[in-house]
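Peer 1: Have a look at this one.
Chains as they are written, first to last, in my numbering: chain A, -8 to 299; chain B, 1240 to 1517.
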């Protein structure tokens, strides 16, 4: 098991500041959990706590960005996107500012805190915004890469980070390319497109399928927007079917983004793994993954459905 | 150099331009644009804002954020009179492809710092700008014009706390306190209570002035700053000020005058101002 994606946040901000980037961080009283407090301890004059006030935090970040700062905001994904959605729309995105929204605690793997704290709609509500880029890292190394990429690329970013320790998928030092999906395992029978912690589940599902003689191609769709249509299309042209997997609602998320594109240019039989129009609940993160059928066995079952 | 007669004349010009723009557009918000005219004229033409219309991005400029974005016509008028934009843009307000959008669009219009229009957000943005300028600026000030109805947004008070907490003494908010909002009188729609005391309680320096007295406005806007305290100027105004049939009437919040009403309105403004106007 590797470190959580959230653990990448504060430490990467410190690295970026050391490298001379004019990064600042603003948090809404969750800086210990989001790890921006680490950055604040190193760079106290570049860290601002806004208190429990996500709307103002987002507006202040916009003002800091307006004056040339690369402004990162921290909160939990439910609040950082939901509480401040209209501020993100009308202030951050409409002004196309260097505000990088990287809240943590996305998805059901928040665990015991329960449904109120488990963001399951954030990909949807972020990707519909003009100028916004949406990145969903699978592990610590790709989360670091995502934060770097956001700092080095102008304009608004949404980076979805999680609370739970994530299995390492990439080597430390991995560099992320905006708008690129990564083929992690090649196969010709079925495409499994995943993002976030579901990348690890998808890889495990591919191992299960292999024991049955099924060759699954696994793609990490880390860049949900812009979407790497070319890589996804090339894969489904080969396999003729796709399973999408995300720790997020099936309404409007990564699976929807892929379905929108494929239904227009190359329709193929599709199954979308995700949360089916319901709220989360308290529980152990691993139990929740199974309960909501986000686990590798459920992904493999969906793939089998498409193959029969 | 502050010259009250110049500021008054420019305010009258702004009022005429507001009426002309909105009449040409056939829609828009005259009431809150007219109530802000003396405030905006004092900022732009009363030697308050340090700015260069030929270099809108000059880093040493003071910043002005129009949080009550529906009053865009008053700022568009000021930008035209100051020379940021061509006056020929004004009649195109609100039309397809126009530089002058219904609410301010910073990506389209030189001299607009940030796009606004959704109420309650400008003060937060101004806080961020002021904070960045305190970090590595050269004494630039940030001015933010708020509506009074807008103070019903909770985000304003989040920002008010923030500004005081971080001692943003380079931030000055101005409340255009015209006592009306779309649905009627502010005290009937949602009573704001004592705005000045509310800001005092939030840790701000507060000055209350007659928002149509350009000398009082100038004095308040140029008063020595108090270290580590943001400042708010509560400007008592009349919605629709300068046009008799619009004054203190909520129905003129968001309706454009007819051609005949526009002629009467401009006549009244010119008549009240006397010489020195278009």
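For every residue, glycine included, the Cβ atom is placed at its ideal position computed from N, Cα and C. Since we're looking at a predicted model, the values are computed, not measured.
Any idea what DSSP makes of residue 1475(B), helix, strand or coil?
Peer 2: strand
Peer 1: As a quick exercise: from 1358(B), 1335(B), 1371(B), 1252(B), pick the residue whose alpha carbon is nearest that of residue 1314(B).
Peer 2: Taking only the C-alpha atoms, the option nearest residue 1314(B) is 1252(B).
Peer 1: Cβ closer than 9 Å: which chain B residues qualify as neighbours of residue 275(A)?
Peer 2: Listed along chain B, no residue sits closer than 9 Å to residue 275(A) by beta-carbon distance, the nearest being about 35 Å off.
Peer 1: Can you name the start and end residues of the alpha helix (DSSP H) that residue 1326(B) belongs to?
Peer 2: Per DSSP, residue 1326(B) belongs to no alpha helix (DSSP H) and is neither H nor E.
Peer 1: For residue 87(A), go through chain B and note every residue whose CB falls closer than 8 Å to its CB, in chain order.
Peer 2: 1346
Peer 1: Counting pairs of beta carbons, one from the region 112 to 132 of chain A and one from the region 196 to 203 of chain A, are three or more of them closer than 8 Å?
Peer 2: The region 112 to 132 of chain A, when compared against the region 196 to 203 of chain A, does not touch it at the 8 Å Cβ threshold.
Peer 1: Distance, Cα to Cα, residue 1506(B) vs residue 1287(B)?
Peer 2: Distance from the CA of residue 1506(B) to the CA of residue 1287(B), rounded to the nearest whole angstrom, comes to 29 Å.
Peer 1: Examine chain A for any beta-carbon lying closer than 8 Å to the beta-carbon of residue 1264(B), and answer yes or no.
Peer 2: no
Peer 1: Say whether chain A places a C-beta atom closer than 8 Å to the C-beta of residue 1374(B).
Peer 2: Residue 1374(B) counts as touching chain A.
Peer 1: Note down, one range per segment and in chain order, each beta strand (DSSP E) of at least 3 residues found wholly within the region 1387 to 1433 of chain B.
Peer 2: If only complete runs of 3 or more residues are kept, the region 1387 to 1433 of chain B shows the beta strand (DSSP E) at 1410 to 1416, in order along the chain.
Peer 1: Just checking: is the beta-carbon of residue 1356(B) within a distance shorter than 8 Å of some beta-carbon in chain A?
Peer 2: yes
Peer 1: Report buried or exposed for residue 1394(B), applying the criterion of at least 16 other Cβ atoms within 10 angstroms of its Cβ.
Peer 2: buried
Peer 1: Taking the CB atoms as reference points, tell me whether residue 65(A) and residue 22(A) lie closer together than 8 Å.
Peer 2: yes
Peer 1: Quick one: which unbroken alpha helix (DSSP H) runs of 4-plus residues sit fully inside the region 18 to 64 of chain A? Chain order, please.
Peer 2: 22 to 25, 27 to 33, 45 to 57
Peer 1: Closer than 7 Å by C-beta to residue 3(A): which residues in its own chain qualify, once you throw out the five before and the five after it? Chain order, please.
Peer 2: Here the set comprises 135, 138, 139.
Peer 1: Beta-carbon within less than 6 Å of residue 1276(B)'s beta-carbon, same chain only, minus the 5 sequence neighbours each way: which residues are those?
Peer 2: Take residue 1276(B), set aside five residues on each side of it, and the residues of its chain with a beta-carbon closer than 6 Å to its own are 1250, 1253, 1254, 1313, in chain order.
Peer 1: Ordered along the chain, which non-local residues of its own chain (more than five positions away) have a Cβ less than 6 Å from that of residue 1318(B)?
Peer 2: Excluding positions up to five away in sequence, the list reads 1324, 1350.
Peer 1: Quick one: any contact between the region 1347 to 1366 of chain B and the region 1292 to 1306 of chain B, if contact means 3 or more CB pairs under 8 Å?
Peer 2: yes
Peer 1: Got a sec? Which residues, its chain only, sit under 7 Å from residue 1387(B) by beta carbon, not counting five neighbours each side?
Peer 2: Closer than 7 Å at the Cβ level, and outside the excluded window around residue 1387(B), lie 1414, 1415, 1416, 1417, 1418, 1425, 1431, 1434.
Peer 1: Taking its Cβ as the centre, do 16 or more other Cβ atoms sit within 10 Å of residue 1291(B), making it buried, or is it exposed?
Peer 2: exposed
Peer 1: Go ahead and label residue 1360(B) buried or exposed: buried means 16 or more other beta carbons lie within 10 angstroms of its beta carbon, across all protein chains shown.
Peer 2: buried
Peer 1: Taking its Cβ as the centre, do 16 or more other Cβ atoms sit within 10 Å of residue 144(A), making it buried, or is it exposed?
Peer 2: exposed
Peer 1: Closest to residue 294(A) by CA distance: which of 204(A), 48(A), 150(A) is it?
Peer 2: 204(A)
Peer 1: With 8 Å as the threshold, decide whether the Cβ of residue 1338(B) is near any Cβ in chain A.
Peer 2: no
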